[in-house]
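In UniProt numbering, the protein residues as written are 1 to 435. Beta carbons: idealized from backbone N, C-alpha and C, even for Gly. Being a predicted model, the structure only gives us computed values, none of them experimental. Here is the structure we will look at.
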Amino acid sequence: MRWTTLCDFACFAAGIGVVAWLADGAARGVPGMGPWIAATAAAWLLYPLALRGGVPAACACLAGDDAPGTASCLGRAGGVPVVFSPRYDITACGLERAHPFDSTKYSRVFRTLVDAGVLERGEECVPSQLSLAQLTRAQGWWWLARLGYGLRAVMALELPPLGFLPSWAVWWRVLEPMQLASAGTVCAAELALARPSAWAINLGGGFHHARHGFGHGFCVFNDLTMAAQRALDGGFGCRRLLYLDLDVHQGDGIERDMGWDPRVAVVDAFHPGLFPGDAAAAACPALAERGARFFHRAGDGGDRFLEWLRTELPRVLAAFDPDLVLYNAGSDVLVGDPLGGMDLPESAVCERDAIVFRCCGVGARGGAASPALGTSPEGARLFRASGGRRRAVAMALSGGYQAETAGVVARSIAAMDAELGLVEAAKAGEAPAGS
């Protein structure tokens, strides 16, 4: 629990005590209680703004806290660029189950990877919380001020039962885990750009519906915008960035935040009949002019989508030539997902992820290495079609609304590691052969 949450709890407890004292005084007819009642009401209304919102955010920005290129969000760096913390899981006395999102899948993905021998405990990278300056730049001070009251967060999360909890409890059990998972995506972008292995996976994040000054669709902080800002302006030598969103829902947050930045291109595959249906975001130049778009149709089974991805992703990579691919790997395209409505089998989801990493040429057996080293002909072909240059890739998990999601995600990562040698390359600390 952070100090701000402790202060929230202390103010909440003190406020209850003061209200009880005032009510007792008013009931006994003690004179002069009116000003005390007015002061207490004002304090209870203003303390979230002073503690969490505009005041501290403005002070952090004025002080130049965490200017681009200075402080990293990296907490503890392990040997493998898989970013995870058990504090990613969102629990709120069972109230989180009122939303179909599987808010505890992150730990289950990690445990499955450990059980499969892909990772060992302690090898992962653990992020630290984002600074107020980073949050303010991406989200805006007024949005953070409104979140301080809890009710706006409840609306963005689409979880009305959370409205019965005090704001400090909403922050402690829901928003702080989301904030830490957002830091994990920023950390993954840093690791992908800074390490020779050129890949990183955050086992959380992907809150692609939040944007500057607004949040909806279970997204409060747009970690993808923050990661893109950090990559482009953080001194990592990233000149251009491709945002690849393969969640079944449109990635409207980053399209609105950075869709007019000439350094950004967007490839977005989504179902046009589902939330959010943001036509203004879809019209951004990063998507409409420099990127590519795909409309899912129910009943496709994944063949049409995978063929499009094998063609369009290499084309955009070769034409735009980004240094980083920021990949939002939503698993709500999976068959049976209650909000996705699609019918992609697990094999198609795993192949989708593999296509992305093959095009980027990462891993000990990625890129244009010889068949003797284990490089698949399909992987080599996609790598050459993508421009034949190894590119950093950072992946976040994003959506997925059924119990099977965690296992599918873990098996997809394990399959990519088996094919491309991701962990092998990360531990060796060497660039992939033939890149």
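Next on the checklist: Taking only three categories from DSSP, how would you classify residue 342?
Outcome noted: Translated into positions along the sequence shown, residue 342 becomes position 342. Coil.
Checklist entry - Do residue 268 and residue 282 have their C-beta atoms within less than 9 Å of each other? => result On the sequence shown, residue 268 is found 268 positions in, with the first residue counted as 1. On the sequence shown, residue 282 is found 282 positions in, with the first residue counted as 1. Yes; because the gap between Cβ atoms is below 9 Å, this pair is in contact.
Item to check | Environment of residue 182 [buried if 16+ CB atoms lie within 10 Å] | outcome: Residue mapping note: residue 182 aligns to position 182 of the sequence shown, counting from 1. Looking at its Cβ environment, which holds 16 or more other Cβ atoms inside 10 Å, residue 182 is buried.
Next on the checklist: Assuming residue 143 is part of the alpha helix (DSSP H), what are its boundary residues?
Outcome noted: Translated into positions along the sequence shown, residue 143 becomes position 143. Counting along the chain, the alpha helix (DSSP H) containing residue 143 begins and ends at 141-147.
Checklist entry - Is the beta carbon of residue 270 less than 9 Å from the beta carbon of residue 135? => result Along the sequence shown, read from residue 1 onward, the residue named residue 270 stands at position 270. Along the sequence shown, read from residue 1 onward, the residue named residue 135 stands at position 135. Not in contact: residue 270 and residue 135 (Cβ atoms no closer than 9 Å).
Checklist entry - Would residue 84 be called buried (16 or more neighbouring beta carbons within 10 Å of its own) or exposed? => result Reading the sequence shown from its first residue, position 84 is the one you call residue 84. Its Cβ being crowded by 16 or more others within 10 Å, residue 84 is buried.
Item to check | Check whether residue 189 and residue 394 have beta carbons under 9 Å apart | outcome: By one-based count along the sequence shown, residue 189 stands at place 189. By one-based count along the sequence shown, residue 394 stands at place 394. Yes, the pair counts as a contact, with Cβ atoms nearer than the cut-off.
Next on the checklist: Going by DSSP in three states, residue 221 sits in which element: helix, strand or coil?
Outcome noted: Position 221 of the sequence shown holds residue 221. Coil, per DSSP.
Item to check | As assigned by DSSP and simplified to three states, the class of residue 127 | outcome: In the sequence shown, the residue the question calls residue 127 occupies position 127. Strand, per DSSP.
Checklist entry - Quick one: any contact between the segment 400-414 and the segment 330-343, if contact means 3 or more CB pairs under 8 Å? => result yes
Item to check | Burial state of residue 340, where buried means 16 or more other Cβ atoms lie within 10 Å | outcome: To locate residue 340, count along the sequence shown from 1; it is residue 340. Flag for residue 340 reads buried.
Item to check | Within 9 Å, strictly: CB atoms of residue 359 and residue 313 | outcome: Translated into positions along the sequence shown, residue 359 becomes position 359. Translated into positions along the sequence shown, residue 313 becomes position 313. Closer than 9 Å, so yes.
Next on the checklist: With H, G and I counted as helix, E and B as strand and the rest as coil, what does DSSP make of residue 247?
Outcome noted: Taking the first residue of the sequence shown as 1, we reach residue 247 at position 247. Residue 247: coil per DSSP, three-state reduction.
Checklist entry - Using the rule of at least 16 other Cβ atoms within 10 Å of the residue's Cβ for burial, across every protein chain shown, is residue 252 buried or exposed? => result Here the question's residue 252 lines up with position 252 in the sequence shown. Flag for residue 252 reads buried.
Checklist entry - Going straight from the alpha carbon of residue 123 to that of residue 117, what length do you get? => result On the sequence shown, residue 123 is found 123 positions in, with the first residue counted as 1. On the sequence shown, residue 117 is found 117 positions in, with the first residue counted as 1. Rounded to whole angstroms, residue 123 to residue 117 spans 12 Å at the Cα level.
Item to check | Per-residue DSSP class, three states only, for residue 201 | outcome: Position 201 of the sequence shown holds residue 201. Strand.
Next on the checklist: Can you tell me whether residue 305 is buried or exposed? The criterion is at least 16 other CB atoms within 10 Å of its CB, across all chains shown.
Outcome noted: The residue labelled residue 305 in the question sits at position 305 within the sequence shown. By the 10 Å Cβ count, residue 305 comes out buried.
Checklist entry - Are the CB atoms of residue 361 and residue 391 nearer to each other than 9 Å? => result Here residue 361 refers to the residue found at position 361 of the sequence shown. Here residue 391 refers to the residue found at position 391 of the sequence shown. It is a contact, given that the beta carbons lie within the stated cut-off.
Next on the checklist: Please identify the residue among 376, 324, 184 and 410 whose C-alpha is closest to the C-alpha of residue 347.
Outcome noted: In the sequence shown, residue 347 corresponds to position 347, counting from 1. Nearest C-alpha to residue 347: 410.
Item to check | Residues of its chain near residue 337, where Cβ-Cβ distance is below 6 Å and the 5 sequence neighbours each way are ignored | outcome: Within the sequence shown, the letter at position 337 stands for residue 337. Closer than 6 Å at Cβ, skipping near neighbours: 401 and 402.
Item to check | Cβ neighbour criterion (16 or more within 10 Å) applied to residue 303 | outcome: Within the sequence shown, the letter at position 303 stands for residue 303. Residue 303 comes out exposed.
Checklist entry - Quick one: what does DSSP say residue 115 is sitting in, helix, strand or coil? => result On the sequence shown, position 115 is the one that residue 115 refers to. Of the three classes helix, strand and coil, the one that applies to residue 115 here is helix, per DSSP.
Item to check | Identity of the residue in 323, 275, 89 and 131 nearest residue 237 by Cα | outcome: Working through the sequence shown from its first residue, we reach residue 237 at position 237. Of the listed residues, the one whose Cα sits closest to residue 237 is 323.
Checklist entry - Tell me which same chain residues have a C-beta within less than 7 Å of the C-beta of residue 290, skipping the five on either side of it? => result Here residue 290 refers to the residue found at position 290 when the sequence shown is read from its first residue. Closer than 7 Å at Cβ, skipping near neighbours: 265 and 320.
Item to check | Whole-Å CB distance - residue 335 paired with residue 342, under 8 Å assumed | outcome: As a working note, residue 335 is residue 335 in the sequence shown. As a working note, residue 342 is residue 342 in the sequence shown. The Cβ separation is near 7 Å, so the contact holds.
Checklist entry - Taking DSSP as the reference, what is the three-state secondary structure of residue 334? => result Numbered from 1 along the sequence shown, position 334 holds the residue referred to as residue 334. Strand, per DSSP.
Next on the checklist: Using C-beta distances below 8 Å, list every residue in its chain close to residue 140, excluding the 5 sequence neighbours before and after it, in chain order.
Outcome noted: Your numbering for residue 140 matches position 140 in the sequence shown. Contacts found: 212 and 213.
Checklist entry - Which term fits residue 298, buried or exposed, when burial requires 16 or more other beta carbons within 10 angstroms of its beta carbon? => result Locating residue 298 in the sequence shown gives position 298, where the first residue counts as 1. By the 10 Å Cβ count, residue 298 comes out exposed.
Checklist entry - In the DSSP assignment, what residue or residues form a beta bridge with residue 211? => result To locate residue 211, count along the sequence shown from 1; it is residue 211. Per DSSP, 214.
Item to check | residue 180, enclosing alpha helix (DSSP H) - first and last residue | outcome: Indexing the sequence shown from 1 puts residue 180 at position 180. Taken as a continuous stretch (DSSP letters only), the alpha helix (DSSP H) holding residue 180 covers 176-194.
Checklist entry - Under three-state DSSP, which class holds residue 305? => result Taking the first residue of the sequence shown as position 1, residue 305 is located at position 305. If DSSP states are grouped into helix, strand and coil, residue 305 belongs with the helices.
Checklist entry - So is the beta-carbon of residue 189 under 8 Å away from any non-hydrogen atom of the ligand MG? => result Absence of the ligand MG is noted for the structure shown, with no ligands found whatsoever.
Checklist entry - Any idea what DSSP makes of residue 389, helix, strand or coil? => result Taking the first residue of the sequence shown as position 1, residue 389 is located at position 389. The answer is coil: DSSP assigns residue 389 none of H, G, I, E or B.
Next on the checklist: Counting beta carbon pairs with one atom in the segment 154-170 and one in the segment 228-235, are three or more of them shorter than 8 Å?
Outcome noted: no
Checklist entry - How should residue 429 be labelled, buried or exposed, when 16 other C-beta atoms within 10 angstroms of its C-beta is the threshold for buried? => result Counting from one through the sequence shown, the residue named residue 429 turns up at place 429. It is exposed - the Cβ of residue 429 has fewer than 16 other Cβ atoms within 10 Å.
Next on the checklist: With DSSP as the reference, identify every bridge partner of residue 269, one or two as the case may be.
Outcome noted: In the sequence shown, residue 269 corresponds to position 269, counting from 1. In the DSSP output, where bridge partners are listed per residue, residue 269 has 294.
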